[in-house]
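Asker: Quick one: this structure, given as structure tokens, is what I'll be asking you about.
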Amino acid sequence: MGVDRFQYLILMGLCLVITLPLEFIFGARVWRRPRRLLAAMGIPLAIFVVWDVIAIARDHWSYNPEYVTGWELPFDLPVEELAFFLVIPICSLLTLEAVRRVLGRD
Amino acid sequence: MEYTVASALAVLVVIAVELLWLKTGLLRKLTFYVSWAIILFFMVLVDGWLTKLSAPIVLYNEQENSGIRFPWDIPVEDYLFGFALITLTMLLWERWAQRHPDDEASRRTTGPLIRRR
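Have a look at this one:
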């Protein structure tokens, strides 16, 4: 009920908010390189969405209806999972680039 | 055990793709390992929340994994899954820059955040 069904989506939103300073304070320059970002994310996104669809179909895992919106893409893929495969790689690249800047080496 | 096998295989494939094909050199850089130490910490927090058995967001079929959960209720396979997803993304991120050196010129002129004397 209520806000609980947005738990997964809110968690993904928090990941984006928490990592935003890496871009604008640490100068990670990930969000500001959209072509490179697309090039990095496209193939993993496709592979892992397919993996997820297969895993759901073969009952490796499922999603608790209490904590997801119920909004589903084709092949029973919760919209939250698409968000996951977009958000987590971006957070990771922000970390990589921020670390590179702080270390001052490649 | 399908998830166990698939996630272990994914890690091997990603490493093989780097060593045999992409050859970005990222796996030999300190930046990669420092980044992973930080990412791992936050992965445990996020995945810990997703998988906690007291109020799980993701429900796992224990027939398809090892049943080993650490810390809290995180299936160990999730680390392999996460490693494959994140490292593949990083490798392609590096690859693009190496193939488009002009596009990265701005990065070199800005220099490191902490200047060394």
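Taken in order, these protein sequences are the chains called L and G.
The first sequence lines up with residues 208 to 313 when you count with this note's numbering.
The second sequence lines up with residues 200 to 316 when you count with this note's numbering.
Glycine included, C-beta positions come from ideal geometry on N, C-alpha and C.
Taking only beta-carbon atoms, is Phe255 of chain L less than 9 angstroms away from chain G?
Answerer: As a working mapping, residue 255 of chain L is identified with position 48 in the first sequence. True, the Cβ-Cβ gap to chain G drops below 9 angstroms.
Asker: With DSSP run on the structure shown, which of helix, strand or coil describes Tyr202 of chain G?
Answerer: Within the second sequence, the letter at position 3 stands for residue 202 of chain G. Helix, per DSSP.
Asker: Can you check which of these residues, L:Gly220, L:Asp211, L:Ile232 and L:Leu216, is closest to Glu304 of chain L by C-alpha distance?
Answerer: Start at 1 with the first residue of the first sequence, and residue 304 of chain L comes out as number 97. Of the listed residues, the one whose Cα sits closest to Glu304 of chain L is L:Ile232.
Asker: Can you tell which of L:Gly234, L:Met219, L:Ile295 and L:Pro285 has its C-alpha closest to the C-alpha of Trp268 of chain L?
Answerer: The residue labelled residue 268 of chain L in the question sits at position 61 within the first sequence. Trp268 of chain L has its Cα closest to that of L:Pro285, out of L:Gly234, L:Met219, L:Ile295 and L:Pro285.
Asker: Is Leu175 of chain G buried or exposed, if buried means 16 or more other CB atoms sit within 10 Å of its CB?
Answerer: Nothing about residue 175 of chain G can be reported from this structure: the residues present for chain G run from 200 to 316 only.
Asker: Nearest CA to the CA of Val224 of chain L: which residue from L:Asp313, L:Arg308, L:Val309 and L:Ile295?
Answerer: Here the question's residue 224 of chain L lines up with position 17 in the first sequence. Checked all of L:Asp313, L:Arg308, L:Val309 and L:Ile295; the closest Cα to Val224 of chain L is L:Ile295.
Asker: Any beta carbon from chain L within less than 9 angstroms of Leu229 of chain G's own beta carbon?
Answerer: Residue mapping note: residue 229 of chain G aligns to position 30 of the second sequence, counting from 1. At least one chain L Cβ lies under 9 angstroms of Leu229 of chain G.
Asker: Identify the contact partners of Thr223 of chain G in chain L, using a Cβ-Cβ distance below 7 angstroms as the criterion.
Answerer: As a position in the second sequence, residue 223 of chain G is number 24, starting the count at 1. Result: empty, since nearest Cβ-Cβ is about 11 angstroms, beyond 7 angstroms.
Asker: Given this structure, state the Cα-to-Cα distance separating Asn264 of chain G from Leu279 of chain G, to the nearest angstrom.
Answerer: By 1-based counting over the second sequence, the position of residue 264 of chain G is 65. By 1-based counting over the second sequence, the position of residue 279 of chain G is 80. Roughly 12 angstroms separates the two Cα atoms.
Asker: Counting along the chain, where does the alpha helix (DSSP H) carrying Ser234 of chain G start and finish?
Answerer: Here residue 234 of chain G corresponds to residue number 35 of the second sequence, with the count starting at 1. First-last of the alpha helix (DSSP H) with Ser234 of chain G: Leu229 to Thr250.
Asker: For Trp268 of chain L, go through chain G and note every residue whose CB falls closer than 7 angstroms to its CB, in chain order.
Answerer: Residue mapping note: residue 268 of chain L aligns to position 61 of the first sequence, counting from 1. Val257, Leu258, Tyr259 and Asn260, listed in chain order.
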